[in-house]
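Residue numbers (this note's numbering): 4 to 343.
Structure follows, in C-alpha cells:
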C-alpha cells in the first residue's frame, strides 16, 4: 500500500511540475508586461519592480495552480489507463475507490493553499499593490520620451520634439478634445517637468494657446503656464483580510470577487470525479483524450466562475458547487465504479 501510494503520488507530482513550471513562466511574463507598461509611465528601479512583482505573486499562483492541478490529474490518469497500469493496480487488490482516495489528501492540501491565497493573501497584496502604484506615480519622475506618440499628461495628449541636457523639453505640444468637440491646444518652445512632493508640475514657457467654445476660438500668448497632475493620495491603513472581505456585505463588486475566488479555489476538488471519469478508460476498446478532458473541465470551472464574478450571489455559488459535486459523484459511480 505504501509503495503504491508513493508511486501514484510521485507520478502525479512529476506531471504537475511539468505543467505548472512552464505555465507559471508564461503567466509571470504576462504580469511582467504589465509592470513594463507601468514603468513606461514612471521611473522604477529593479528593487521596486521586484517588490511590485512580489505583490502580484498571489494572483499569479491563483491562475496557475488550479489549471495545473486539473492538467496533472488528467495526464496522470490517462497515462495509467494507456499503459495498463490501472490493470496492474487492480490485480494487486487496489480498487478504483482506493486509488482515487490516494490522491484526495493532496487535493485537500492544494485546496487549502488556494483558499489561503484567495481569502488571506489576495486582499493584503491587492491593497499594498494599489498603494505602491499610487505612491510611485505621485513620487517618481514622469517619463516623457521625445518623438513618441500616445503620451499623456492628465487629460492632454502630449508630443515633444527633443530633450535638452538640463532635463527640459523643446517644442512641446499639448492637445485635448472633449466629447462635444471642443478642444484645447498649447504649443511651447520650452517645457519643464518637476515634482514638488505632492504632484507633477508641467511648466510651459514662451508659447501660445488656443481653445474653442461653441461660438468662438480664443488664442493667448504666455510666458509661463503650469499644469498639474497626480495629487498625492491620502493613504489609508491596510485593512486586515477579515476587514477587507467584511465590506463585501455592502459592496456588491467585492462580494462577487470573493465568491469567484472561493469557487475557483474549491472547484478542482469538486471536479475531481469528473476528471477521473473522463480519463479512466480501457485502452483495448477506447482512446484517451486527456487534452480534451482538460479543456472540458476548464470550461466547467471557469464559465460558472465568470458568471459568479459578474452576477454572483451566495445562492448561485452554492448551486454551482452542489452541481459540480453531484456531477462528480454520479460520473465516478457510472463510469468507474461500475466498470472497473
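Ideal placement from N, C-alpha and C gives every residue a C-beta, glycine not left out.
All values derive from a computational prediction rather than experimental measurement.
(Q) On the criterion of 16 or more Cβ atoms from any shown chain inside 10 Å, does residue 48 qualify as buried, or is it exposed? (A) Within the chain shown, numbered from 1, the residue matching residue 48 stands at position 45. Residue 48 should be labelled exposed.
Q. CB-CB under 6 Å to residue 126, same chain, minus the five flanking residues each way: which ones, in chain order?
A. Taking the chain shown and counting its residues from 1, the one referred to as residue 126 is at position 123. Exclusion of the five residues before and after residue 126 leaves 244 and 247 as the residues of its chain whose Cβ lies within less than 6 Å of its Cβ.
Q.
Can you tell me where the beta strand (DSSP E) holding residue 212 begins and where it ends?
A. Along the chain shown, one-based indexing puts residue 212 at 209. Taken as a continuous stretch (DSSP letters only), the beta strand (DSSP E) holding residue 212 covers 203–215.
Q. Which residues does DSSP pair with residue 160 in a beta bridge?
A. By one-based count along the chain shown, residue 160 stands at place 157. According to DSSP, residue 160 bridges with 155 and 178.
Q: Report yes if the C-beta distance between residue 123 and residue 65 is below 8 Å; otherwise report no.
A: Working through the chain shown from its first residue, we reach residue 123 at position 120. Working through the chain shown from its first residue, we reach residue 65 at position 62. Contact: no.
Q: Evaluate residue 108 with the Cβ neighbour count: other Cβ atoms within 10 Å of its Cβ, from every protein chain shown; 16 or more gives buried, anything less gives exposed.
A: As a first step, residue 108 must be located in the chain shown, where it is residue number 105. Exposed, since its Cβ has fewer than 16 Cβ neighbours within 10 Å.
Q | CB of residue 174 within 8 Å of CB of residue 160, strictly | A | Against the chain shown, residue 174 aligns to sequence position 171. Against the chain shown, residue 160 aligns to sequence position 157. It is not a contact, given that the beta carbons lie outside the stated cut-off.
Q) In angstroms, rounded to a whole number, what distance separates the CA positions of residue 303 and residue 320? A) Taking the first residue of the chain shown as position 1, residue 303 is located at position 300. Taking the first residue of the chain shown as position 1, residue 320 is located at position 317. Approximately 14 Å, taken between the alpha carbons.
Q) If you run the structure through DSSP and keep just helix, strand and coil, what is residue 76? A) As a working note, residue 76 is residue 73 in the chain shown. In the structure shown, residue 76 sits in a helix (DSSP, three-state: H, G or I).
Q: Measure the C-alpha to C-alpha separation of residue 280 and residue 338 and round it to an integer number of angstroms.
A: As a working mapping, residue 280 is identified with position 277 in the chain shown. As a working mapping, residue 338 is identified with position 335 in the chain shown. Computed Cα separation, rounded: 6 Å.
Q | Element boundaries [alpha helix (DSSP H), containing residue 313] | A | The sequence position of residue 313 within the chain shown is 310, counting from 1. Residues 293–314.
Q | Closest residue to residue 315 among 37, 103, 252 and 342 (Cα-Cα distance) | A | In the chain shown, residue 315 corresponds to position 312, counting from 1. Out of 37, 103, 252 and 342, 252 has the C-alpha closest to the C-alpha of residue 315.
(Q) Taking 8 Å as the threshold (C-beta atoms), are residue 203 and residue 172 in contact? (A) Taking the first residue of the chain shown as 1, we reach residue 172 at position 169. Taking the first residue of the chain shown as 1, we reach residue 203 at position 200. The answer is no: Cβ separation not under 8 Å.
Q. Cβ atoms of residue 271 and residue 69: under 8 Å apart, would you say?
A. By one-based count along the chain shown, residue 69 stands at place 66. By one-based count along the chain shown, residue 271 stands at place 268. At the C-beta level, residue 69 and residue 271 come within 8 Å of one another.
Q. Can the beta-carbon of residue 72 be found closer than 8 Å to that of residue 19?
A. By 1-based counting over the chain shown, the position of residue 72 is 69. By 1-based counting over the chain shown, the position of residue 19 is 16. Yes; because the gap between Cβ atoms is below 8 Å, this pair is in contact.
Q. Is the segment 250–264 close to the segment 26–39, with three or more CB pairs under 8 Å?
A. no
Q. When you compare only the Cα positions, how much space is there between residue 93 and residue 99?
A. Taking the chain shown and counting its residues from 1, the one referred to as residue 93 is at position 90. Taking the chain shown and counting its residues from 1, the one referred to as residue 99 is at position 96. Answer to the nearest angstrom: the Cα atoms are 8 Å apart.
Q: Could you say which of 177, 184, 182 and 185 lies nearest to residue 192 if we only look at CA atoms?
A: Stepping through the chain shown from its first residue, residue 192 is reached at position 189. Comparing Cα positions, the closest option is 177.
Q) For residue 17, is the classification buried or exposed, using 16 other Cβ atoms within 10 angstroms of its Cβ as the cut-off for buried? A) Counting from one through the chain shown, the residue named residue 17 turns up at place 14. Flag for residue 17 reads exposed.
Q: Locate the beta strand (DSSP E) running through residue 230, then write down its first and last residues.
A: The count along the chain shown starts at 1 and reaches residue 230 at position 227. It spans 220–232 - the beta strand (DSSP E) in which residue 230 sits, taken as one unbroken run.
(Q) Tell me the rounded alpha-carbon separation between residue 283 and residue 84. (A) Taking the first residue of the chain shown as 1, we reach residue 283 at position 280. Taking the first residue of the chain shown as 1, we reach residue 84 at position 81. Roughly 6 Å between the two C-alpha positions.
Q. Terminal residues of the continuous alpha helix (DSSP H) containing residue 335?
A. By 1-based counting over the chain shown, the position of residue 335 is 332. Element bounds for residue 335: n/a, residue is neither H nor E.
Q: Along the alpha helix (DSSP H) that carries residue 194, what are the first and last residues, could you check?
A: Working through the chain shown from its first residue, we reach residue 194 at position 191. No alpha helix (DSSP H) contains residue 194, which is instead part of the beta strand (DSSP E) from 186–198.
**Q.** Whole runs of the alpha helix (DSSP H) within the segment 46–133, excluding any shorter than 4 residues
**A.** The qualifying runs are 49–85, 88–94 and 99–119.
Q. So what's residue 253 in DSSP terms, helix, strand or just coil?
A. The residue you call residue 253 lines up with position 250 of the chain shown. In this structure, residue 253 counts as coil in the three-state DSSP scheme.
Q: Reducing DSSP to helix, strand and coil, say where residue 166 ends up.
A: If you number the chain shown from 1, residue 166 lands on position 163. Of the three classes helix, strand and coil, the one that applies to residue 166 here is strand, per DSSP.
Q. Hey, would you say residue 53 sits closer than 8 Å to residue 27, going by beta carbons?
A. Taking the first residue of the chain shown as position 1, residue 53 is located at position 50. Taking the first residue of the chain shown as position 1, residue 27 is located at position 24. No, these two residues do not count as a Cβ contact at 8 Å.
Q: Using 10 angstroms around the beta-carbon of residue 309, count the other beta-carbons present and answer buried if the total reaches 16, otherwise exposed.
A: By one-based count along the chain shown, residue 309 stands at place 306. So residue 309 ends up on the exposed side.
Q | Chain-order list of residues whose beta-carbon lies under 7 Å from that of residue 328 (same chain, five-residue window excluded) | A | Counted from its first residue, the chain shown places residue 328 at position 325. Hits under 7 Å: 273.
Q) Closest to residue 289 by CA distance: which of 8, 86, 196 and 130 is it? A) Here the question's residue 289 lines up with position 286 in the chain shown. Here the closest residue by C-alpha is 86.
Q. By the 10 Å Cβ neighbour count, where 16 or more other Cβ atoms means buried, how is residue 275 classified, buried or exposed?
A. Taking the chain shown and counting its residues from 1, the one referred to as residue 275 is at position 272. So residue 275 counts as buried.
Q.
Measuring only the C-alpha atoms, how far is residue 155 from residue 217?
A. As a working note, residue 155 is residue 152 in the chain shown. As a working note, residue 217 is residue 214 in the chain shown. Near 25 Å, if we compare the C-alpha coordinates of residue 217 and residue 155.
(Q) What does the Cβ neighbour count give for residue 3, buried or exposed, with the cut at 16 atoms within 10 Å? (A) Residue 3 cannot be examined here, being either before or after the span of the chain that is shown, 4 to 343.
Q | Pick from 58, 90, 286 and 169 that is closest to residue 133, judged by C-alpha positions | A | Locating residue 133 in the chain shown gives position 130, counting from the first residue. Checked all of 58, 90, 286 and 169; the closest Cα to residue 133 is 58.
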